[in-house]
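To start, the structure under review is shown below, and the notes come after it.
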Amino acid sequence: GAVVSQHPSRVICKSGTSVKIECRSLDFQATTMFWYRQFPKKSLMLMATSNEGSKATYEQGVEKDKFLINHASLTLSTLTVTSAHPEDSSFYICSATRQGWSNGYTFGSGTRLTVV
Amino acid sequence: TQLLEQSPQFLSIQEGENLTVYCNSSSVFSSLQWYRQEPGEGPVLLVTVVTGGEVKKLKRLTFQFGDARKDSSLHITAAQPGDTGLYLCAGASGSGYSTLTFGKGTMLLVSP
Numbered sequence: 013g014a015v016v017s018q019h020p021s022r023v024i025c026k027s028g029t030s031v032k033i034e035c036r037s038l039d040f041q042a043t044t045m046f047w048y049r050q051f052p053k054k055s056l057m058l059m060a061t062s063n064e065g066s067k068a069t070y071e072q073g074v075e076k077d078k079f080l081i082n083h084a085s086l087t088l089s090t091l092t093v094t095s096a097h098p099e100d101s102s103f104y105i106c107s108a109t110r111q112g113w114s115n116g117y118t119f120g121s122g123t124r125l126t127v128v
Numbered sequence: 006t007q008l009l010e011q012s013p014q015f016l017s018i019q020e021g022e023n024l025t026v027y028c029n030s031s032s033v034f035s036s037l038q039w040y041r042q043e044p045g046e047g048p049v050l051l052v053t054v055v056t057g058g059e060v061k062k063l064k065r066l067t068f069q070f071g072d073a074r075k076d077s078s079l080h081i082t083a084a085q086p087g088d089t090g091l092y093l094c095a096g097a098s099g100s101g102y103s104t105l106t107f108g109k110g111t112m113l114l115v116s117p
């Protein structure tokens, strides 16, 4: 149980275009989803916390207009990188949990974004 | 801001050796988790420790949570090449949906 599916696993886009990444909880209802960014051989950097039906809470230094997060249902959250630039190239990972779980953080398999 | 200091950041050892990874903080966590991540994949949960002084074993891996719930360690006995990966500790300060504070990770390379 507690499976999180992230799609796509890899995407290459042209500079200036937008890219949408999906994060789905397959067998549970995720009250909260988290979006992380990870640089090569580095740890995860939290970008934003998303609660179903409300606006995402962004970490300091993360541009909310550039990284649009939508959590419209208990099983789906999306991250849209708008007007992507090469410096946005990175590994993006989502995780999901459910209210009341003491250890219920399940991670997606990540999305490798390359902006050319 | 809660910080988790993880050490060492990189470890290269031979198959059969033992190793310990440390995770330290000045903050108290309600729980602490250890993850292992392979390149191009998301982190996979290894264990969650909740009680101060708790020790959990997972085959050749031993996890310990400090009495004050501020630090933790991961000990691997007789490391194997399959143990190679990025090990991450992460602390939670509240209920199940609080944000996780991640350590910087330990990149482990086990050579045959």
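Going down the list, the sequences are from chains A and B. Using my numbering, the first residue of the first sequence is number 13, and each one after it goes up by one. Using my numbering, the first residue of the second sequence is number 6, and each one after it goes up by one. Beta carbons: idealized from backbone N, C-alpha and C, even for Gly.
Self-check item: Cβ pair I81/A, T90/A closer than 9 Å
Solution: yes
Quiz item: Are the beta-carbon atoms of V33/B and A73/B separated by less than 9 Å?
Solution: yes
Exercise. Taking only beta-carbon positions, decide if T56/B is within less than 9 Å of chain A.
Key: no
Quiz prompt | Contacts around K53/A, its chain only, beta-carbon distance under 8 Å, and the 5 residues preceding and following it disregarded | solution = none
Quiz prompt | Beta-carbon spacing of N29/B, I81/B below 9 Å | solution = no
Quiz item: Going by DSSP, what residues sit across from Y104/A in a beta bridge?
Solution: R49/A and T123/A
Quiz item: Touch check for the segment 67 to 82 of chain A and the segment 13 to 26 of chain A: three-plus C-beta pairs under 8 Å?
Solution: no
Exercise. Determine the burial state of R49/A: buried for a count of at least 16 other Cβ atoms within 10 Å of its Cβ, exposed for fewer.
Key: buried
Quiz item: Quick one: is K50/B near chain A, going by C-beta distance under 9 Å?
Solution: Residue identity check: residue 50/B is Leu in the sequence provided, not Lys. It does; some Cβ of chain A falls within 9 Å.
Quiz item: At least one CB of chain A closer than 9 Å to the CB of E46/B: is that the case?
Solution: yes
Quiz item: DSSP state of D77/A, grouped into three classes?
Solution: coil
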